[in-house]
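Notes for the one structure printed next.
Protein chains: 2
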Amino acid sequence: MKRLRVRRATARGLDRKGADAESLAADLVIAAAALIGEHGPQGFSLREVARRAGVSEAAPYWHFAGKEALLAAVAEQGFINLAAAMAEARERSKDPRSQLRELGVAYVRFALAHPSHLRIMFGPEIPDKTAHPALHQAAERTFGLLLAAINEAQRAGDARAGNPFDLAVAAWAMVHGLSSLLIDGQLRDRVRGMREAQLLASRVTKLLEMGLVGR
Amino acid sequence: MKRLRVRRATARGLDRKGADAESLAADLVIAAAALIGEHGPQGFSLREVARRAGVSEAAPYWHFAGKEALLAAVAEQGFINLAAAMAEARERSKDPRSQLRELGVAYVRFALAHPSHLRIMFGPEIPDKTAHPALHQAAERTFGLLLAAINEAQRAGDARAGNPFDLAVAAWAMVHGLSSLLIDGQLRDRVRGMREAQLLASRVTKLLEMGLVGR
DNA sequence: ACCTGAACACCGTTCAAGT
DNA sequence: ACCTGAACACCGTTCAAGT
């Protein structure tokens, strides 16, 4: 029994204490996230994850309903990480207008740094988030962060009046669309490299900003 | 031999004349597009496409290098259809500013009408479009339509000065992001139904328009 | 030139059986 | 409670063989 646990830990290439006390569920999520990061959403398989965790191919089914449930756990962690990055970005500036700009930059930066993760968070692998309440909640919380920033900007006169939901969707659509186009290589002909992508992001975001601010 | 052709035609549920003269390649693309439309990109398999076309599982490999090549053909057709819808939309209005608005509406409408098709056109199933020259060209041509509309709007004073590429990317990112969020169900809690989605699209697009026009 | 049949190495999922 | 081993029905791709 003890040998088995050790096999699991070394199979992941990890060597930290307390591996015995960990649940296999957490190990599987970690292995899944790593696998997605390496080979993309396409190259992901439940059997390979089990192999990396050092367990049989049937073992994951004790902890997750199936492949989609494991991916949902990975996606949930992704939203938690994105929300943390956005919260941190917001704290970097004082005035609401530049806070919004920082939020957008953080979003695109996260997308470029973790493209495969973003695909799992938004892609068709999980057709209905409401089937995974924890994931659904994490996604809602992330959007809530943006909505709060919009609200504050409106109160400070740094965003035009109007339905805050519309403004938030506009901002979200812009950064999400730009991230998707960059990740999917749609702009690869004319935008080379991460640095150029970030510059494009700030120029493009500014164009929307003018519409959102209204002056 | 003739019996075989007939079997192919009826297997697709079609009964048009001239089926004998058609190439299997075209049949496979049609069957693939239909399958994707029904079951989404996930439920697509090359074997099932072959079954629907009434041929053996190895037959497609004579016409396509593999699964990705067949998907690339489907995606190419998608870009051709999208470009046609955009060109038609543009002809509906005279002044450049409302032409841009019509382009955006057409994009979102296409996405909502053919969500699975859009995913193939942009998703990770085809990681590198340059590996499929015809697809790459069709995608470029579609973006070129948007770029031309931006250029014309700038000449008419209906769009602010500046790098037309930046303006085009902003517009593209906005409608693409909104389409993605709608398709992926990210707004399902607060936007119910196609009609409400279209209304949201026109409100949100207007917010960007103010930034693009600059007055 | 174009297609079939059989094969290989994978995959997700289930289920009896073990501890 | 938690995991294994074996099985089932799939999948993408290859390749000799047919016509």
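Chains as they are written, first to last, in our numbering: chain A, 1 to 215; chain B, 1001 to 1215. The C-beta atom is built at its ideal place from N, Cα and C for all residues, glycine as well.
Review point. Can you tell me the Cα-Cα spacing of A1021 (chain B) and Q1099 (chain B), whole angstroms?
Key: In this prediction, A1021 (chain B) has a pLDDT of 29, which is less than 50 and means its spatial position is unreliable; what the coordinates show is noted afterwards. Cα-Cα distance, rounded: 41 Å.
Check your understanding: P96 (chain A) touches chain B at which residues, Cβ-Cβ below 7 Å?
Key -> Per Cβ cutoff of 7 Å: no residues; P96 (chain A) is ~17 Å from chain B at best.
Practice item. Measure the alpha-carbon distance for S1202 (chain B) versus L1181 (chain B) and round it to whole angstroms. Key: 15 Å
**Study point:** Chain-ordered chain B contacts of Q186 (chain A) [CB-CB under 9 Å]
**Key:** F1122, K1129, A1139, F1143, W1172, H1176
Point to revise | Given 8 Å, three or more beta-carbon pairs between the region 86-104 of chain A and the region 139-151 of chain A | key: The region 86-104 of chain A and the region 139-151 of chain A touch, with no fewer than 3 CB-CB distances between them shorter than 8 Å.
Point to revise | Where V1055 (chain B) meets chain A, residues with beta-carbon distance less than 7 Å | key: Result: empty, since nearest Cβ-Cβ is about 26 Å, beyond 7 Å.
**Study point:** Straight-line Cα distance separating Q186 (chain A) from M174 (chain A)
**Key:** 15 Å
Review point. Under 7 Å, do A1159 (chain B) and L1212 (chain B) count as touching if we go by C-beta distance?
Key: Yes; because the gap between Cβ atoms is below 7 Å, this pair is in contact.
Check your understanding: Taking just the CA atoms, how far does A53 (chain A) sit from L24 (chain A)?
Key -> About 8 Å.
Point to revise | CA nearest to the CA of A1031 (chain B), picked from B:L1071, B:L1082, B:A1113 | key: B:L1071
Exercise for review: Please state whether DSSP places L46 (chain A) in a helix, a strand or coil.
Suggested key: helix
Check your understanding: Given A84 (chain A), which residues of its chain have a CB within under 7 Å of its CB, disregarding the five upstream and five downstream residues?
Key -> none
Practice item. For H1132 (chain B), I'd like the list of residues in its chain whose CB is within less than 6 Å of its CB, leaving aside the five on either flank, ordered along the chain. Key: A1072
Practice item. Could you work out which residue in B:E1068, B:L1112, B:A1161, B:P1127 is closest to L1226 (chain B) when comparing CA atoms only? Key: Look at the range of chain B in this structure, 1001 to 1215, and you will see that residue 1226 (chain B) is not part of it.
Review point. Between F44 (chain A) and the ligand ADP, is the CB less than 6 Å from at least one heavy atom?
Key: Absence of the ligand ADP from the depicted structure is noted, as is the absence of any ligand whatsoever, leaving it without description.
Point to revise | CA nearest to the CA of L82 (chain A), picked from A:D128, A:E57, A:H114, A:P60 | key: A:H114
**Study point:** Where the alpha helix (DSSP H) containing H39 (chain A) begins and where it ends
**Key:** Segment 24-39, the alpha helix (DSSP H) holding H39 (chain A).
Review point. Since D166 (chain A) meets chain B, which of its residues come closer than 8 Å, beta carbon to beta carbon?
Key: In chain order: L1200, R1203, V1204, L1207.
Check your understanding: Helix, strand or coil: how does DSSP classify D1158 (chain B) here?
Key -> coil
Point to revise | Alpha-carbon spacing of L35 (chain A) relative to Q77 (chain A), whole angstroms | key: 15 Å
Exercise for review: Return the CA-CA distance between H63 (chain A) and S1116 (chain B), expressed in angstroms with no decimal places.
Suggested key: 31 Å
Check your understanding: Using a Cβ-Cβ cut-off of 8 Å (strictly less than) and excluding sequence neighbours within five positions of F1079 (chain B), which residues of its own chain qualify?
Key -> M1121, L1135, A1138, A1139, R1141, T1142
Check your understanding: Starting from E1125 (chain B) and walking both ways along the alpha helix (DSSP H), at which residues does that stretch end?
Key -> That residue, E1125 (chain B), is in no alpha helix (DSSP H); it is neither H nor E in DSSP.
Practice item. Spell out whether any CB of chain B is found under 7 Å from the CB atom of V169 (chain A). Key: yes
Review point. When you compare only the Cα positions, how much space is there between E1057 (chain B) and P1041 (chain B)?
Key: 19 Å
Review point. From M1210 (chain B) to A1069 (chain B), what does the alpha carbon distance come to, in whole angstroms?
Key: Roughly 41 Å between the two C-alpha positions.
Review point. Considering H176 (chain A), what are the terminal residues of the alpha helix (DSSP H) in which it resides?
Key: 164-183
Practice item. Could you tell me which of A:P164, A:R109, A:R155 sits nearest to G193 (chain A), measuring between CA atoms? Key: A:R109
Review point. Per DSSP, what kind of secondary structure is L199 (chain A) in: helix, strand or coil?
Key: helix
Point to revise | Among A:L103, A:P124, A:A161, nearest to A75 (chain A) - alpha-carbon criterion | key: A:P124
Review point. According to the neighbour-count rule (16 or more other Cβ atoms, all chains shown, within 10 Å of its Cβ), is H1176 (chain B) buried or exposed?
Key: buried
Review point. For S180 (chain A), which residues in chain B fall below 9 Å Cβ to Cβ?
Key: F1122, A1173, H1176, G1177, S1180
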